[in-house]
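Next up, the structure:
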């Protein structure tokens with residue numbers, strides 16, 4: 130399955146580096162071309178000779194060969210690879226990746242990579258659970274990096290818990306699944322709106338909501354993985370996808386998102402409106418910061434442009450429009466009304482009352498309602514998996530096998 134694929138394997142200083150030998154052997158057996166780049170500390174755990182023998186390529190550690198001055202180009206490595214896999218990825222390297230530190234060849238190659246990046250963390254359970262490590266992993270996920278979750282089991286420290294690098298066979302399965310994914314949406318362009326909008330009150334205050342943009346990010350990554358070109362229009366959020374097929378346009382207000390969406394929808398075959406757009410905006414925006422005067426401040430709010438309705442009124446018969454509904458009561462009835470009033474083809478419903486669903490969490494629990502009344506309920510799952518479910522329904526609605 131991996132024949133003709135070029136995989137750059139990054140190995141960091143971790144006891145789990147011994148597993149890299151098995152991983153290289155499995156990748157080569159599947160027909161992949163493998164080049165290995167190591168951090169200097171990684172050589173203390175597994176020898177370059179072992180990996181060179183298995184990969185049939187020289188092992189790269191330094192920026193240049195001190196013997197003859199040959200330059201190891203991190204740019205060329207990033208262009209050669211179809212996938213950059215960093216396994217094991219230590220807490221130290223993950224932290225450097227998250228903050229743009231490039232003090233070795235592995236890291237400069239990461240910052241230069243044009244291909245998808247897959248990361249398999251490996252460390253002791255306390256390091257893995259530390260808020261800094263979890264924040265760094267989420268930062269990488271926000272960059273569009275694919276995270277292979279650490280496994281639970283006995284650790285080198287003698288403790289038992291989550292932190293083990295996933296076994297090479299499981300990592301191979303993840304790689305094969307990644308490359309084996311059907312390019313069902315090749316040649317299609319899909320518009321995705323994501324994140325919140327901020328409606329200014331004065332130069333320092335705004336009306337907004339707690340949307341993180343995680344759902345929109347997951348949708349954009351899934352669409353791009355299936356071959357689609359993605360017009361990604363996002364409000365203020367740190368969750369920005371990273372993929373050659375994704376064109377990003379950042380906006381702040383509902384009016385700006387409305388303009389961007391209506392401008393770009395014409396050349397798209399579908400749109401998924403995952404953004405949590407503010408329904409109201411202050412009628413007047415103060416030029417200077419409002420001072421506290423008395424105990425009350427009266428704001429006059431006016432409706433913001435309705436993006437879903439605008440696209441629904443102008444979509445052609447061949448275009449597919451998917452909306453979102455976050456409800457607190459009468460969820461199903463309210464979602465079905467939106468399908469009709471905004472001319473949607475289907476709507477994704479989630480409830481603000483469901484634990485683990487809604488804003489600023491990594492999971493979601495949705496119901497997909499089609500225009501013909503068909504309703505599909507899904508269990509609580511990570512937003513990456515939710516994105517797959519939504520894109521599956523989009524593919525079916527577009528009539529793509």
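In the numbering used here, the protein residues as written are 130 to 530.
Beta carbons: idealized from backbone N, C-alpha and C, even for Gly.
Computed from a predicted structure; not experimentally measured.
According to the DSSP assignment, residue 180 belongs to no beta strand (DSSP E) but to the alpha helix (DSSP H) extending over 177 to 184. Under the Cβ criterion (8 Å, minimum of three pairs), the region 179 to 186 does not count as touching the region 201 to 219. For residue 496, the enclosing beta strand (DSSP E) stretches over residues 496 to 499. Annotation: residue 312 is outside any alpha helix (DSSP H) and is labelled neither H nor E by DSSP.
Rounded to whole angstroms, the gap between the alpha carbons of residue 333 and residue 418 is 7 Å. With respect to residue 401, residue 478 sits apart: the two C-beta atoms are not nearer than 9 Å. Apart from sequence neighbours up to five positions away, the residues of its chain that approach residue 518 with a beta-carbon distance below 6 Å are 507, ordered along the chain. Residue 345 carries a helical assignment under DSSP once its states are collapsed to helix, strand and coil. Residue 376 sits in a strand when the DSSP states are folded into three classes.
Residue 509 and residue 156 have their C-alpha atoms roughly 33 Å apart.
Here DSSP, grouped into helix, strand and coil, assigns residue 355 to coil.
Taking the Cα positions, residue 405 is about 12 Å away from residue 366. Distance check between residue 292 and each of 219, 243 and 442 places 219 closest, using alpha-carbon atoms only. Beta-bridge pairing by DSSP links residue 293 to 280.
349 is the residue among 349, 382 and 380 whose C-alpha sits nearest the C-alpha of residue 373. Shown here, residue 164 sits in a strand according to DSSP, grouped into three states.
Straight across, the Cα-Cα distance linking residue 455 with residue 331 is about 28 Å. Apart from sequence neighbours up to five positions away, the residues of its chain that approach residue 223 with a beta-carbon distance below 8 Å are 248, 250, 262, 265, 266 and 269, ordered along the chain.
Taken through DSSP and simplified to helix, strand or coil, residue 475 comes out as strand. Rounded to whole angstroms, the separation of the alpha carbons of residue 526 and residue 408 is 28 Å. Cβ atoms of residue 394 and residue 377 stay farther apart than 8 Å, at about 16 Å.
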